[in-house]
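Under the working numbering, the first residue of the sequence shown carries the number 445, and numbering increases by one thereafter. Built from N, CA and C at the ideal position, the CB exists for glycine as well. Below you'll find the structure, written out as structure tokens, and then a few comments.
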Amino acid sequence: MTLRSLLLIAFLLGVVAAVAEEEPPLARVVDSHTDRIPSQTVAPKYPNKARRDRIEGEVEVCFEIDRKGRPRRIAVRNSTNRAFERASIRAVRASSFRPLREGESLQSIKSCRTFIFSLEPVEETNNLQ
445 MTLRSLLLIA
455 FLLGVVAAVA
465 EEEPPLARVV
475 DSHTDRIPSQ
485 TVAPKYPNKA
495 RRDRIEGEVE
505 VCFEIDRKGR
515 PRRIAVRNST
525 NRAFERASIR
535 AVRASSFRPL
545 REGESLQSIK
555 SCRTFIFSLE
565 PVEETNNLQ
């Protein structure tokens, strides 16, 4: 092998390593109106197959929030592509809300969250804690 071939191989390996380290696009999170205050909001990971196939979409997930602030009865309400549903459910399951204090009650415990999957990078906002 010549020096030129070795330099070309080293360059290509560097490009492949840089692409492999690229941050996957985030999904934008949009909450429906709820009285419960999120303590931790998790954005779903963009599914590799959907990213590879250049698929974008939205998923609306509805759930109840128990007194301890944990989501339960998680269900997909609306989806433009099934490829994003599992990642969206995992993100809701990993999120949490401020628990209710002793004697505190709220009228509505149901909430919905919409995840918008876009291949263009999304800036994280302050509401993701």
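- Annotated three-state conformation of Val474 is strand, per DSSP.
- Pairing Ser523 with Phe507, the inter-Cα distance amounts to about 15 Å.
- With contacts defined by Cβ atoms closer than 8 Å, Ser539 and Phe559 do not form a contacting pair.
- Phe541 places its beta carbon less than 8 Å from that of Ser483.
- The three-state reading of DSSP puts Ser540 in strand, counting E and B together.
- For the set Arg495, Lys554, Phe561, Ala471, the Cα lying nearest the Cα of Gly513 is the one of Lys554.
- In this structure Arg521 is in contact with Val505, their Cβ atoms being roughly 7 Å apart against a cut-off of 8 Å.
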